[in-house]
Amino acid sequence: MEDKPSLLLSFHTEPKEESLDPYWDSGTQCSLVDSEMKSEKLEDCSQTLGTNDIKYEEEKKIGDFTNQDEFAEILTLPTPGEQQQDDCEDKSHLCPHCGKHFLSISLLKRHINIHSGEKPNSCSDCGKSFISSYELTTHQRMHTGEKPYSCFDCGKCFSNSGNLNIHQRIHTGEKPYSCSDCGKSFSQSAHLNIHQRIHTGEKPYSCSDCEKSFISSYKLTRHQRTHTGEKPYSCSDCGKSFSQFGNLATHQRIHTGEKPYSCSDCGKGFISSNRLTVHQRTHTGEKPYSCSDCGKSFSHLSHLKIHWRLHTGEKPYTCSDCEKSFIRSSCLTIHRRSHTGEKPYSCSDCGKSFSKLSSLNIHQRIHTGEKPYSCSDCGKTFSHSSHLNIHWRIHTGEKPYSCSDCGKMFSNSGNLKTHQRIHTGVKKYSSSDCGNSFISSQTLTRQERIHAGEKP
């Protein structure tokens, strides 16, 4: 008959499975609830507590615990019979590996399994082995789906009492573990242990592919998916997959319409806190990301990374049809429409379609008469910023475009292209009335007015 240990002290482990904190780590999860109880003497030989007071980590092996010996001591607590026999004896049973003392030879034998790696308790469903029967019992609930511990506040169920205790801190707001360096508090000791690595600089988890190091096993696992391409989290609505659960949760708000993050300045809602943070910079004018080459600043890190490619010349997005490359994926998407002929943006006034949303917005100014770009010299207004830039060269005299054949200079590239047809002889604009061809659309328009009897 299998021994069933009872507890003389209340132990506490922090389960990874139910953790909502991104700091989650699988190590350093076993601790005593109250430091005072560590020193409590085992004086009453009949004093025992129920087995449900043991907190263990769900779905995880003992090897995940940093303090192996401490957890081993939990696993090797005596049965009531062993306790009555041995509680009043000296701790004369010494572990030859680590020097730890135990009350009985049976406890020592169980402890030695930690050093030997022996796992005598096997799951009949999947064959996975465990050092303690408690771990096996918890693991088997993965197969049975049993969750016997319920939260009184929200009704959520858990497979072990340790997970329930941690969950209840969401309702109570309890954060009993504080950082001695910065005072930040945490609901789990494991989260505190990981946080403290920010101060110490310790990064014990290294990637075998690129040797990059991380403060927690969770962050390492997440990083390794960049190498494997694994995306284990799928959207039930559209099937899109993600490498991180948090990204899936954010994505699903697109389908639900939920926007839980609101701007205190304008009330606009967002599906993620990151998007709210970026948006708020439109109010504050903050641009925290600066280019080390030219000093240009950006409100978003991704914008800086794209800008940086202007300096490096990197164009990682290549068209499969013509092999033309681009610095950003959105430019490639728009370019591909030149091959497919797709024009997904239509004008509600005249029905004209465009391949780019920006082109539609500019076009609609024809209908609205909006000209938001003004010349500071003469006050002339324009519907497009590029038109203002070209106009501005009238005042500055700048002519940045030169003809490679004759050296003539022009203020815009369109005029240069038209001029170059004089050298090439290309006349791409033909009159339907007389059949004559012209090098520019303006010359064709003048000719057609002559045919129509209008003033050229």
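Here the sequence shown stands for residues 1 to 456, numbered as in the numbering used here.
Note that the Cβ used here is the ideal one computed from N, Cα and C, for glycine as well.
Excluding the 5 residues preceding and the 5 following residue i in the sequence, name in chain order all residues of the same chain whose CB lies nearer than 8 angstroms to its CB.
i	result
Ser-243	Arg-222, Arg-225, Thr-226, Glu-230, Lys-231, Pro-232 and Tyr-233
Lys-371	Arg-365, Thr-381, Phe-382 and Ser-383
Asp-181	Gln-196 and His-199
Cys-151	Cys-157, Phe-158, Leu-164, His-167, Gln-168 and His-171
His-391	Cys-375, Lys-380 and Phe-382
Asp-405	Gln-420 and His-423
Suppose you measure from the CA of residue i to the CA of residue j; what does that come to, to the nearest Å?
i	j	result
Ser-26	Pro-204	Reliability of the predicted coordinates at Ser-26 is poor, the pLDDT of 35 falling under 50, and no value is obtained from them.
Thr-277	Lys-287	12 angstroms
Glu-342	Asn-193	54 angstroms
Ile-215	His-115	26 angstroms
Asp-87	Ile-105	Low confidence applies to Asp-87: its pLDDT is 45, below 50, so where it sits in the model is not reliable enough to give any reading.
Cys-322	Ile-450	42 angstroms
Ser-171	Asp-153	Going by the sequence as given, residue 171 is His instead of Ser. Distance between the alpha carbons of His-171 and Asp-153 is about 7 angstroms.
Glu-454	Gly-435	19 angstroms
Ser-159	Tyr-149	6 angstroms
Ser-348	Ser-358	15 angstroms
His-279	Ser-411	37 angstroms
Glu-398	Cys-350	37 angstroms
Lys-268	Ser-262	6 angstroms
Cys-319	Thr-340	12 angstroms
Met-142	Ser-161	15 angstroms
Thr-418	Arg-328	30 angstroms
His-367	Gly-155	58 angstroms
Ser-185	Gly-201	19 angstroms
Gly-407	Ile-254	55 angstroms
Ile-422	Thr-445	18 angstroms
Glu-457	Ile-306	In the structure as shown, the chain starts at 1 and stops at 456, and residue 457 therefore has no counterpart that could be examined.
Ser-236	Thr-256	12 angstroms
Glu-70	Asp-125	Unreliable placement is indicated for Glu-70, whose pLDDT of 36 sits below 50; the coordinate value is still reported in the next sentence. So the two alpha carbons sit approximately 29 angstroms from each other.
Gly-99	Arg-110	15 angstroms
Pro-176	Ser-189	8 angstroms
Ser-385	Arg-393	13 angstroms
Gly-246	Ser-217	17 angstroms
Ser-273	His-335	32 angstroms
Leu-248	Gly-127	32 angstroms
Pro-78	His-101	Interpretation of Pro-78 is limited by its pLDDT of 44, a score under 50 that renders its predicted location unreliable; no figure is taken from the coordinates.
Asp-293	Leu-310	10 angstroms
Gly-183	Arg-275	28 angstroms
Asn-52	Thr-144	Any answer about Asn-52 is weak, because its pLDDT of 33 lies below 50 and its placement is not dependable; what the coordinates show is given next. Computed Cα separation, rounded: 19 angstroms.
Ser-302	Ser-338	26 angstroms
Gly-369	Lys-356	20 angstroms
Phe-438	Lys-428	6 angstroms
In chain order, what residues of the same chain have a beta carbon less than 6 angstroms from the beta carbon of residue i, not counting five sequence neighbours either side?
i	result
Phe-354	Lys-343, Tyr-345 and Leu-360
Lys-119	Ser-129, Phe-130 and Ile-131
Arg-281	Ser-299
Gly-173	none
Lys-315	Ser-325, Phe-326 and Ile-327
His-97	His-115
Ser-440	Thr-418
Verify whether the separation of the beta carbon atoms of residue i and residue j is less than 8 angstroms.
i	j	result
Ser-431	Gln-447	yes
His-395	Asp-377	yes
Leu-304	Tyr-317	no
Leu-388	Tyr-373	yes
Lys-478	His-251	Limits of the chain in this structure are 1 at one end and 456 at the other, which puts residue 478 out of reach.
Tyr-113	Leu-136	In the sequence as presented, Tyr is not what sits at residue 113; that position holds Asn. No. Outside cutoff.
Could you spell out the range, first to last residue, of the alpha helix (DSSP H) harbouring residue i?
i	result
Lys-417	413-424
Lys-219	217-228
Phe-245	245-256
Gly-162	161-172
Leu-192	189-200
Ile-394	385-396
Cys-331	329-340
Glu-448	441-451
Asn-361	357-368
Asn-274	273-284
His-111	105-116
Ile-306	301-312
His-139	133-144
Could you tell me how far apart the beta carbons of residue i and residue j are, in whole angstroms, since I believe they sit closer than 8 angstroms?
i	j	result
Cys-95	Leu-108	6 angstroms
Ser-133	Ile-166	About 23 angstroms; that fails the 8 angstroms criterion.
Leu-220	Cys-210	Going by Cβ atoms, the distance from Leu-220 to Cys-210 rounds to 11 angstroms, so no, they are not a contact pair.
Leaving out five residues on either side along the sequence, give the residues of the same chain with a beta carbon under 7 angstroms from the beta carbon of residue i.
i	result
Trp-308	Cys-291
Ser-413	Tyr-401
Ser-213	Lys-203, Tyr-205 and Ser-206
Cys-403	Leu-416, His-419 and Gln-420
Thr-333	none
His-283	Asp-265
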